[in-house]
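One structure is given below, encoded as structure tokens.
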Amino acid sequence: LKLFVLLFLCCTTRVFAQNHTVNFKNAIQFEKAKSDVVLLNNQNNKIPLLTLNKLKIASVHFNFKQADAFDQIARKYRNIESFTADTIRNDQGFDALHDELKLYNTIILELSAATSFTTALKRFITDLESNNLVIVVLTGNGKNLSQFDNLKSPIVWYPDDTKDGASVAAQTIFGGIAVSNFLNQNYSTNYKKGTGYLTQKTRLGYSLPEAVALNSNTLNNIDSIVNKGIATHSAPSVVVLLAKDGQVIFHKAYGKHTYDGSEPTKLDDIFDMASVTKVTATVPMVMALYDKKQLSLDSPISKYVAMTRNLADKNSIIIREALLHEAGYTPYIKFYEGLKPSDMSTDSSAAYPTKVADHYYLRANYFKEVMWPVTLQSKVETRGKYVYSDISMYMMKEVVEEVTHQKLNDYVLNELYLPDPATVDLFTSRQSKTSWRGLGYDKYNSSTKLPSAYASEQAFGHSGYTGTYVWVDPKYNMVYICLTNRVYPDDGKTYGPAKVNIRADVLNLFYKAVLESISPQKK
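First residue of the sequence shown: 200, per my numbering; consecutive thereafter.
Spelled out as structure tokens, the structure:
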């Protein structure tokens with residue numbers, strides 16, 4: 200689950216060349232770069248960076264030829280602004296740069312053997328240290344480490360000025376890679392043989408399929424599956440992400456935003472996640488509160504949601520029933536059918552703050568004044584049976600907000616919480632006698648073999664009506680995300696013919712690649 204949660208905090212990476220022979224060699228080179236990187240001056244545990252949402256990061260390059268490679272990976276974790284300082288030599292130039300950096304509280308300085316370590320540069324770095332978190336990335340043979348004997352800030356040093364080295368440095372800073380190396384010789388008074396700090400991996404890393412023993416040639420078939428689905432109008436745009444053993448090893452965008460449009464799909468496009476938000480926002484926050492003993496799964500929802508206390512059909516429903524979709528709530532309410540012209544605006548304002556789509560804003564308090572009263576008056580008819588209902592999560596939203604005294608979206612953004620392993624097991628294991636559900640999560644159904652016949656009993660995830668899907672299988676340490684906009688242009692159609700069921704077919708292929716790596720088949 201840690202991988203699953205963190206994937207949504209750092210959700211993009213490069214598209215890797217998919218050739219097994221080439222990638223196998225590249226993976227070896229990347230492992231070499233990982234074995235070379237050394238972290239220095241980390242006595243205050245500034246690396247890896249935490250609470251990224253509070254950081255405004257600038258990346259400043261000083262004759263650093265792999266600047267693009269470094270920034271590309273860094274941006275997978277957090278938006279950064281790049282600055283080039285190759286030509287700055289004097290105090291006046293550095294003072295001007297200092298003023299440009301005034302809006303950033305975290306400054307990453309990338310330097311190489313080609314950098315001129317002038318007195319002005321050293322003063323500039325010391326000046327930055329007084330009011331910012333400064334991180335120095337240094338590449339070269341190590342002789343220049345002596346230039347930083349008086350530096351207090353963390354240094355990420357690696358010898359070979361390569362793209363792999365730059366990628367490893369960026370992932371070290373953000374926690375995608377755990378560092379376990381030390382200097383192998385004396386370089387200066389402060390940086391002697393055996394010097395270095397260990398770190399733990401805290402976020403997903405980025406690597407090649409071959410780095411986790413998968414074959415890129417097998418994954419090549421994802422292209423044909425997705426392109427066939429687009430051609431048969433299952434969805435105009437698709438983004439697929441695969442992660443294995445804590446490494447994102449495939450991430451690719453396909454198609455265009457619309458069939459008749461010209462804008463290509465990008466890795467950082469925003470999709471309507473639909474019901475996937477249940478397991479990426481609401482349920483993890485319920486898990487956090489459960490861990491902290493701030494709520495009980497067997498407490499009635501009416502304990503937290505006062506408006507349900509006088510509703511005879513709802514006041515005894517417990518949290519566990521809602522998470523299992525066994526509360527008997529109405530399956531689906533077509534709120535959109537009740538929209539009035541006065542409920543919508545083409546421009547945003549304080550009166551119409553909620554963006555639904557381009558040039559489409561919903562009026563303030565629409566949920567509270569319209570949707571919530573309708574929800575409270577909806578029928579409860581199938582209690583004790585599995586009937587999927589969005590109302591379950593409407594109720595859980597109210598529970599979370601009552602306990603935390605925060606809006607759910609604010610709590611999600613501010614609370615980076617990794618649940619206790621026992622809590623993860625509880626919520627993601629089968630908890631129902633009438634369905635294959637976990638607490639909020641969908642599970643592998645051994646009767647129907649869905650979503651994949653290759654899935655393990657430990658697997659869990661969720662789908663979204665708009666064509667989104669997330670799936671985690673702890674047995675194989677794999678994470679799968681498929682984002683599509685299948686409801687364009689007609690949300691009344693099915694996902695498409697079974698032969699081009701993009702979400703299922705790509706998942707099956709991912710499983711095939713994983714299983715091949717465990718028990719290689721003779722070709």
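Here a beta-carbon is modelled for each residue, glycine too, at the ideal position from N, C-alpha and C.
Review point. For the putative contact between Val378 and Leu238, defined by C-beta atoms under 8 Å, what is the C-beta separation to the nearest angstrom?
Key: One-based indexing of the sequence shown puts residue 378 at position 179. One-based indexing of the sequence shown puts residue 238 at position 39. Sure, about 5 Å apart at Cβ, within 8 Å.
Check your understanding: Terminal residues of the continuous alpha helix (DSSP H) containing Lys197?
Key -> No information on residue 197 is available, as it lies outside the stretch 200 to 722 that the chain covers here.
**Study point:** Residues near Leu173 by beta carbon distance below 6 Å, same chain, minus five either side
**Key:** Summary: the structure shown does not reach residue 173, with the chain confined to residues 200 through 722, and so no result is reported for it.
Check your understanding: Is the shortest distance between the beta-carbon of Ser544 and the beta-carbons of chain D less than 8 Å?
Key -> Checking the listed chains, one finds no chain D in this structure; it contains a single protein chain.
Exercise for review: Entirely within the region 402-482 and at least 4 residues each: give me those alpha helix (DSSP H) ranges in chain order.
Suggested key: Counting whole runs of 4 or more residues, the region 402-482 contains the alpha helix (DSSP H) stretches 415-418 and 420-430.
Point to revise | Glu328 versus Thr317, His297 and Leu310, residue with shortest Cα-Cα distance | key: The sequence position of residue 328 within the sequence shown is 129, counting from 1. The candidate whose alpha carbon is nearest that of Glu328 is His297.
Check your understanding: Name the DSSP beta bridge partners of Arg307, please?
Key -> One-based indexing of the sequence shown puts residue 307 at position 108. Here residue 307 is Ile; the residue named in the question, Arg, does not match the sequence. BP columns for Ile307 point to Ser258 and Ile334.
Check your understanding: Under a Cβ-count criterion, where at least 16 other Cβ atoms within 10 Å of its own Cβ denotes burial, should Tyr458 be classed as buried or exposed?
Key -> Within the sequence shown, the letter at position 259 stands for residue 458. Around the Cβ of Tyr458, a 10 Å sphere holds fewer than 16 other Cβ atoms; the residue is exposed.
Review point. What are the start and end residues of each continuous alpha helix (DSSP H) run of 4 or more residues lying completely inside the region 575-605, in chain order?
Key: Unbroken alpha helix (DSSP H) runs of no fewer than 4 residues, entirely contained in the region 575-605, are found at 590-603, following chain order.
Exercise for review: In the DSSP assignment, find the beta strand (DSSP E) that holds His661 and state where it starts and stops.
Suggested key: Counted from its first residue, the sequence shown places residue 661 at position 462. In the DSSP assignment, His661 falls within the beta strand (DSSP E) that extends over Phe659 to Gly663.
**Study point:** Rounded separation between Gln446 and Phe347 - CA only
**Key:** Indexing the sequence shown from 1 puts residue 446 at position 247. Indexing the sequence shown from 1 puts residue 347 at position 148. If you take the alpha carbons of Gln446 and Phe347, they lie about 33 Å apart.
Check your understanding: With 16 other CB atoms within 10 Å as the buried threshold, where does Ile429 fall?
Key -> Working through the sequence shown from its first residue, we reach residue 429 at position 230. The C-beta of Ile429 has 16 or more other C-beta atoms within 10 Å across all chains shown, which makes the residue buried.
Practice item. Give me the Cα-Cα distance between Asp641 and Val485, rounded to the nearest whole angstrom. Key: The count along the sequence shown starts at 1 and reaches residue 641 at position 442. The count along the sequence shown starts at 1 and reaches residue 485 at position 286. CA-CA distance, Asp641 to Val485, rounds to 16 Å.
Practice item. Have a look at the DSSP bridge pairing and note the partners of Pro353. Key: As a first step, residue 353 is located in the sequence shown; it is residue number 154 there, counting from the start. BP columns for Pro353 are empty, so no partner.
Exercise for review: Sort out for me which residues DSSP pairs Met484 with in a bridge.
Suggested key: By one-based count along the sequence shown, residue 484 stands at place 285. Residue pairing for Met484: DSSP places it in no beta bridge.
Review point. By Cβ distance, which residues of its chain are closer than 6 Å to Tyr668, with the 5 residues on each side in sequence left out?
Key: Position 469 of the sequence shown, counted from the first residue, corresponds to residue 668. Closer than 6 Å at Cβ, skipping near neighbours: Ser662, Cys681 and Arg702.
Review point. Closest to Val475 by CA distance: which of Thr683, Val259 and Lys224 is it?
Key: Indexing the sequence shown from 1 puts residue 475 at position 276. Closest option to Val475, Cα to Cα, is Thr683.
Review point. Helix, strand or coil for Phe282 per DSSP?
Key: Within the sequence shown, numbered from 1, the residue matching residue 282 stands at position 83. For Phe282, the secondary structure class from DSSP, reduced to helix, strand or coil, is strand.
Check your understanding: In chain order, what residues of the same chain have a beta carbon less than 6 Å from the beta carbon of Tyr303, not counting five sequence neighbours either side?
Key -> Here residue 303 is taken as the residue at index 104 of the sequence shown, counted from 1. Only Lys255 and Ala257 meet the Cβ criterion.
Point to revise | Bounding residues of the alpha helix (DSSP H) (the contiguous stretch that carries Asp672) | key: One-based indexing of the sequence shown puts residue 672 at position 473. That residue, Asp672, is in no alpha helix (DSSP H); its beta strand (DSSP E) goes Thr667 to Asp672.
Practice item. Would you mind reading off the limits of the alpha helix (DSSP H) that contains Ala312? Key: Translated into the one-based positions of the sequence shown, residue 312 becomes position 113. From DSSP, Ala312 is part of no alpha helix (DSSP H); its letter is neither H nor E.
Review point. Considering only residues of the same chain and omitting the five flanking positions on each side of Phe229, which have a CB-CB separation below 8 Å?
Key: Here the question's residue 229 lines up with position 30 in the sequence shown. Only Asp363, Ser366, Val367, Ser406, Leu407 and Ala410 meet the Cβ criterion.
Review point. Which runs of the alpha helix (DSSP H) fall wholly inside the region 505-554 and span at least 4 residues, in chain order?
Key: Given a length threshold of 4 residues, each whole run of the alpha helix (DSSP H) inside the region 505-554 is given here in chain order: 518-522.
Practice item. With DSSP as the reference, label Asn644 as helix, strand or coil. Key: In the sequence shown, residue 644 corresponds to position 445, counting from 1. Three-state DSSP puts Asn644 in a strand.
Review point. Given a threshold of 16 other Cβ atoms within 10 Å of its Cβ, counted over all protein chains shown, does Asp285 qualify as buried or as exposed?
Key: Along the sequence shown, one-based indexing puts residue 285 at 86. Here Asp285 is exposed, its C-beta having fewer than 16 other C-beta atoms within 10 Å.
**Study point:** For Leu638, three-class secondary structure by DSSP
**Key:** Along the sequence shown, read from residue 1 onward, the residue named residue 638 stands at position 439. Reduced to three states, the DSSP call for Leu638 is coil.
Review point. By the 10 Å Cβ neighbour count, where 16 or more other Cβ atoms means buried, how is Met595 classified, buried or exposed?
Key: Numbered from its first residue, the sequence shown carries residue 595 at position 396. So Met595 ends up on the buried side.
Review point. Asp512 and Val579 look like a contact to me (Cβ under 8 Å); what is the Cβ gap, rounded to whole Å?
Key: As a working note, residue 512 is residue 313 in the sequence shown. As a working note, residue 579 is residue 380 in the sequence shown. The C-beta distance from Asp512 to Val579 rounds to 4 Å, short enough to meet the 8 Å contact threshold.
Practice item. Could you name the residues of the same chain whose beta carbon sits closer than 6 Å to that of Ala658, not counting the 5 residues immediately before and after it, in chain order? Key: One-based indexing of the sequence shown puts residue 658 at position 459. Contacts found: Tyr643 and Asp672.
Check your understanding: Alpha carbon to alpha carbon, what distance is there between Lys245 and Trp571?
Key -> As a first step, residue 571 must be located in the sequence shown, where it is residue number 372. As a first step, residue 245 must be located in the sequence shown, where it is residue number 46. Cα-Cα distance, rounded: 44 Å.
**Study point:** Euclidean distance between Cα positions of Thr693 and Pro530
**Key:** Here residue 693 refers to the residue found at position 494 when the sequence shown is read from its first residue. Here residue 530 refers to the residue found at position 331 when the sequence shown is read from its first residue. Reliability fails at Thr693, whose pLDDT of 48 lies under 50, so the model's placement of it is uncertain and the value that follows must be treated cautiously. Spanning the two alpha carbons is a distance of roughly 18 Å.
**Study point:** Separation of Ser461 from Asn707, as counted between CA atoms
**Key:** Counting from one through the sequence shown, the residue named residue 707 turns up at place 508. Counting from one through the sequence shown, the residue named residue 461 turns up at place 262. Between the alpha carbons of Asn707 and Ser461 lies a distance of about 31 Å.
Practice item. Could you tell me the boundaries of the alpha helix (DSSP H) in which Leu708 lies? Key: As a first step, residue 708 must be located in the sequence shown, where it is residue number 509. If you look at Leu708, you'll find it in the alpha helix (DSSP H) that goes Ile701 to Ile717.
Review point. Are the beta-carbon atoms of Leu494 and Gln630 separated by less than 8 Å?
Key: Translated into positions along the sequence shown, residue 494 becomes position 295. Translated into positions along the sequence shown, residue 630 becomes position 431. Taking C-beta atoms as the reference points, Leu494 and Gln630 fail to come closer than 8 Å.
Point to revise | Ile680 - DSSP class collapsed to helix/strand/coil | key: Working through the sequence shown from its first residue, we reach residue 680 at position 481. It is a strand residue.
Practice item. Could you tell me which residues DSSP pairs with Pro499 in its beta bridges? Key: Counted from its first residue, the sequence shown places residue 499 at position 300. The partner list for Pro499 (beta bridge, DSSP) reads Ile517.
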